[in-house]
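Asker: First, the structure itself, so that you have it in front of you.
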Amino acid sequence: MGKNPLLLGSVSFSVSLVISLLTSRDIKTAFTTGLISVPATLTGVGFVNLKQRNQQKLILNDLQAEIHQLERWQVQLNRSLLEIADKKQKTATNINFLQTQLRQLSDRTTEQRQHKQQITQELDTLSEQKSHLEIASQELHHQIYNLEQRKGELDQSVRSLKKLKHDVEAQFNLFESELEQMRCQIEQLQIEKQELEDNITLLNRLRPQLEEKSHTLQTEIQQLEKQQLDLNNSLAAIAEQKITTQIQHNSLQKQILEDRLIYDKIKQEITNLIEQRETLNSDRQFEKVPDEWSSFVAHLNEPELQVLNAIIQENDPTAAIKKIAEDNITMPELLIDSINECALDTIGDLIIEPGTETIPLAIMEEYLTQLNKVMKLNKTT
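So the sequence shown is numbered by the numbering used here: it starts at 2 and just counts up by one.
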């Protein structure tokens, strides 16, 4: 009879502990409740023992059966408590992990807002630059037109100068030929003069006989000297004309050289202007991007842009997307869903097709060209 109250007290303690733990989930409160139930149970047992000793055996059997049942419940509850403690620890770990992710997402959101403000400012700057470039392009077109007209005038001047140079060279060659003929004539006249001087010497010896002929020869000599003086004057004029022609020829060559330098400079300027025009045309081609696509790219963060580049550039981007997700402490599915949600908000449709075991995920065909254009524009900016 002394053991049964103790057993009943322990059972009462265990039951109270388990029931209180299940209701309040506070072990300290449950333990206090169990301790309170022990003396109450022992008091009740003493009172029952005094009043109902005859029914002790029946009650004892029932209590033993209940004790066995409660012990089994206690074992199950202990197991449940262990599982609950394990789940609680895992839950705490997950909560810490989620809090870390939340802080990271908050930091990224702040960075994205700052980046968005910076992009907005850059877009305003680019709009102003675009306006300036359009004005500059119009001015360049006007300058190109003027330069082309000037080029035509310079080409005409060069052709005229070439023709003038050819005429001067021909005239110079003609003057040289005439000068050579004059030299030959002068040499012939000098020879004749020498012969005449010899004849004069002979005539002096024969002067008495040749007085009449001497007078005639003297007249002829005067005429020849006059002709020689005229020839000398002609030679001096030809030499002076040759010097003038040479000066003109040098001046023409200098003018042609200057015109050639101006022509090369204008040609280089035209080439630079054509390159600038092509660059402007290329910039305009890249700038023709719808606003919703610009907004779509602006709302994406760096990992999502990396995922889009991987899908565009690789045949099977699964491994690359998985690595991007691991580097940013997230999952590939979350990145894909985030990109599609952003596309749905800005473009009005999903942009990434889900893959299968045999077919990798890819960009929808109707959006691939536009996406390539906007991604290239995003890289240049």
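All C-beta atoms in this analysis are idealised placements derived from N, C-alpha and C, irrespective of residue type, glycine included.
#1: Taking buried to mean at least 16 other C-beta atoms within 10 Å of its own C-beta, is G35 buried or exposed?
#2: Examine the Cβ distances between the stretch 306-318 and the stretch 357-367 and report whether three or more of them are shorter than 8 Å.
#3: Provide the residue span of the alpha helix (DSSP H) that contains L51, from first to last.
#4: Which two residues bound the contiguous alpha helix (DSSP H) that contains P333?
#5: When the Cα of Q228 is compared with those of L253, H216, E193, which residue comes out closest?
#6: Alpha carbon to alpha carbon, how far is I312 from E327? Give it in angstroms, no decimals.
#7: For E354, which of helix, strand or coil comes out of DSSP?
#8: On the DSSP bridge assignment, give the partners of I364 in chain order.
#9: Quick check: the Cα distance between M376 and V298, rounded to an integer number of angstroms?
#10: Run through DSSP, which three-state label would R208 get?
#11: So, helix, strand or coil for N147, using DSSP?
#12: Kindly give me the distance between the Cβ atoms of V49 and G10, rounded to whole angstroms, as I take these residues to be in contact under 8 Å.
#13: In chain order, what residues of the same chain lie with their CB nearer than 7 Å to the CB of T30, ignoring the 5 residues before and after it?
#14: In whole angstroms, what is the alpha-carbon distance linking Q157 and L232?
#15: Assign H250 to one of three DSSP states: helix, strand, or coil.
#16: For A344, is the classification buried or exposed, using 16 other Cβ atoms within 10 angstroms of its Cβ as the cut-off for buried?
#17: Taking its Cβ as the centre, do 16 or more other Cβ atoms sit within 10 Å of Q307, making it buried, or is it exposed?
#18: Please state if the CB of I353 and the CB of I340 are separated by a distance shorter than 8 Å.
#19: Can you find the residues in the same chain that come closer than 8 Å, C-beta to C-beta, to E67, ignoring five residues on each side of it along the sequence?
Answerer: In terms of the structure at hand:
#1: By one-based count along the sequence shown, residue 35 stands at place 34. Buried, by the Cβ-count rule.
#2: Yes, the stretch 306-318 is in contact with the stretch 357-367.
#3: Stepping through the sequence shown from its first residue, residue 51 is reached at position 50. For L51, the uninterrupted alpha helix (DSSP H) segment begins and ends at 28-52.
#4: Mapped onto the sequence shown, residue 333 falls at position 332. Where P333 is concerned, the enclosing alpha helix (DSSP H) stretches over 333-347.
#5: Counting from 1 along the sequence shown, the entry for residue 228 is found at position 227. Considering only alpha carbons, the answer is E193.
#6: Translated into the one-based positions of the sequence shown, residue 327 becomes position 326. Translated into the one-based positions of the sequence shown, residue 312 becomes position 311. Using only the alpha carbons, I get a separation of about 17 Å.
#7: If you number the sequence shown from 1, residue 354 lands on position 353. In the three-state DSSP reduction, E354 falls in the strand class (E or B).
#8: Numbered from its first residue, the sequence shown carries residue 364 at position 363. Partner(s): I353.
#9: Residue numbering aside, residue 376 sits at position 375 when the sequence shown is read from its first letter. Residue numbering aside, residue 298 sits at position 297 when the sequence shown is read from its first letter. Roughly 8 Å separates the two Cα atoms.
#10: For the purposes of this step, residue 208 is taken as residue 207 along the sequence shown, with counting starting at 1. In the structure shown, the three-state DSSP call for R208 is coil.
#11: As a position in the sequence shown, residue 147 is number 146, starting the count at 1. Three-state result, N147: helix.
#12: Position 48 of the sequence shown, counted from the start, is the residue given in the question as residue 49. Position 9 of the sequence shown, counted from the start, is the residue given in the question as residue 10. Taking C-beta atoms under 8 Å as the contact rule, V49 and G10 fail to qualify, at a distance of about 13 Å.
#13: Position 29 of the sequence shown holds residue 30. Cβ within range, chain order: S21.
#14: Taking the sequence shown and counting its residues from 1, one reaches residue 157 at position 156. Taking the sequence shown and counting its residues from 1, one reaches residue 232 at position 231. Those two C-alpha atoms are separated by around 42 Å.
#15: To locate residue 250, count along the sequence shown from 1; it is residue 249. Judged by DSSP in its simplified three-state form, H250 adopts helix.
#16: Residue 344 sits at position 343 when you count from the first residue of the sequence shown. It counts as buried.
#17: One-based indexing of the sequence shown puts residue 307 at position 306. Counting Cβ neighbours within 10 Å, Q307 comes out buried, since at least 16 surround it.
#18: Along the sequence shown, read from residue 1 onward, the residue named residue 340 stands at position 339. Along the sequence shown, read from residue 1 onward, the residue named residue 353 stands at position 352. Their beta carbons are under 8 Å apart, which means I340 touches I353 by this criterion.
#19: Position 66 of the sequence shown, counting from 1, holds the residue named residue 67. Excluding the 5 residues flanking it on each side, E67 has same chain C-beta neighbours closer than 8 Å at V12, in chain order.
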